[in-house]
Amino acid sequence: MALQQLNKAAAVINLEDDIKEILSHPQREVQVALPVRMDNGKIKVFIGYRVQHSNARGPYKGGIRYHPNVSLDEVRALAMWMTWKTAVLDLPLGGAKGGIVCDPKSMSQGEIERLTRRYAYAISSIIGPYEDVPAPDVYTGPQHMAWIMDTYSILNGHLEPGVITGKPVEVGGSLGRNESTSRGVAIVVAEAAKKLGIKVKEATVAIQGFGNVGSNAALIMAKEYGMRVVAVSDSKGGIYNKNGLNVDEVLKEKEKSGTVTTYKNAEKISNDDLLTLDVDVLVPAALEQVITEKNADKIKAKIIGEGANGPTTPEADEILYQKGVFVIPDILANSGGVTVSYFEWVQNLQRLQWSLEQVNKMLEERMVKSFNDVYDISKKYKVDMRTAALVLAVSRVAEAIKLRGIWP
Ligand code: GLU
């Protein structure tokens, strides 16, 4: 998928084959075997990856994912998308991704900590504040980042907060980082609504995924934008109420029972049903490849704001574009996370702390500008928003590669 998208954008801008060839390959791929003493006394070996796609514009940047389905190929695609994401937002960073094949839901907190520290040790020679700066992704959060910072700092003999972002605020994290991905989704969805003449207030929203991105998007869209969140889901299924869900109550239910599906005041639906609901805005905020050629023509939403990375396949993109669905692509829609990661890194390097107001204001300015840059390109070349975002990103990275040159 990632290569197909790159080829499509390359054709639009007549990108030189040499540069395309460079961009088609990650600069470095590392696989590590991680022995971990489990609570039952036995040792289990987990496989982890870190793929560094490009550092043409700055240190590699991107999250670390814990999931049973993690594979080298998936991490590779996600690493390339990070290069585009930082470039679309014009951040002085590159792109990378990490992952560990594991099922964190079946592990204790102690096992997860030992696994995380062993992984941090295993990749410690290729990460660093000026080399590669990891962050959270699926099933990882501030606590994991604190452990990685601590392990890296012990190995280096001094505290190094700038080695990783998405940390708890108490140990160098940025205010606003935790909900920044979701805030970014809300900002660009509101911009898209303006372009399409849709009223943001009372616009109906369905959100797939109720992790960090999905749940905070539901809260921000409902409470700050006055939108009507009618459906949400998690890995166990979804819930729907056409009059709007009480997001606070749904969150409480998720905390209590571990799933949104036990929430009383709504109808039960499947994850597939959620995608084809008659709503104004659809936010896929779970995993890759959920909108495919099989369901794309059944989608009724006017705007899709991709909270997840890679939720829409290239075939589905084509169908949605023909139908006139306005897709805000992942590398733009969910870039609020890495944007505030960048702010966190800058604060760490300078030993500063900015206020929440300042962080949110800077985030909004960057996201609105990038949205409009991409929108203008989509009009200029008469292409969908994904291709437009890629055109912008690929041009910026290509320019950096050309200016720096190849050595030796
Ligand atoms: N994992 C997030 C993403 O896919 C955040 C990356 C970061 O902050 O470096 O964009």
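For the sequence shown, our numbering assigns the number 598 to the initial residue and increments by one for each residue that follows.
We put the beta carbon where it would ideally sit given N, CA and C, even for glycine.
What you are looking at is a predicted structure, and each value in this text was computed from that prediction instead of being measured.
- Shown here, Ile928 sits in a helix according to DSSP, grouped into three states.
- Rounded to the nearest angstrom, the gap between the Cα atoms of Ser703 and Ala608 is 45 Å.
- Between the segment 751 to 770 and the segment 926 to 945 there are three or more C-beta pairs closer than 8 Å, enough to call the two in contact.
- Residue side-chain check: Ala828 keeps its Cβ at 7 Å or more from all non-hydrogen atoms of the ligand GLU.
- Here the distance from the Cβ of Asp729 to the nearest heavy atom of the ligand GLU is not below 7 Å.
- Gly638 has no beta-bridge partner at all, per DSSP.
- Taking a contact to require three or more Cβ pairs closer than 8 Å, the segment 662 to 678 and the segment 940 to 951 do not qualify as touching.
- For Ala863, the closest of Ile836, Leu675, Pro926, His650 by C-alpha to C-alpha distance is Ile836.
- Residue environment analysis places His622 among the exposed positions, since fewer than 16 neighbouring C-beta atoms fall within 10 angstroms of its C-beta.
- A heavy atom of the ligand GLU is found nearer than 7 Å to the CB of Lys682.
- Along the length of the segment 873 to 931, whole beta strand (DSSP E) runs at least 3 residues long occupy 878 to 881, 900 to 902, 923 to 925, reported in chain order.
- Spanning the alpha carbons of Val924 and Ala828 requires a straight line of approximately 19 Å.
- Pro911 sits away from Met982, with the two beta carbons spaced by 8 Å or more.
- Here the alpha carbons of Ser992 and Ala882 stand approximately 28 Å from one another.
- With distances taken between CA atoms, Leu612 lies nearest to Val988 out of Val988, Glu776, Pro1005.
- Using a cutoff of 7 Å, the CB of Ala732 counts as near the ligand GLU, since one of the ligand's heavy atoms is closer than that.
- Placement of the Cβ of Ser867 at a distance of 7 Å or more from every heavy atom of the ligand GLU is found.
- Annotated three-state conformation of Phe940 is helix, per DSSP.
- The distance from the Cβ of Ile644 to that of Ala630 is about 6 Å, consistent with a contact at the 8 Å cut-off.
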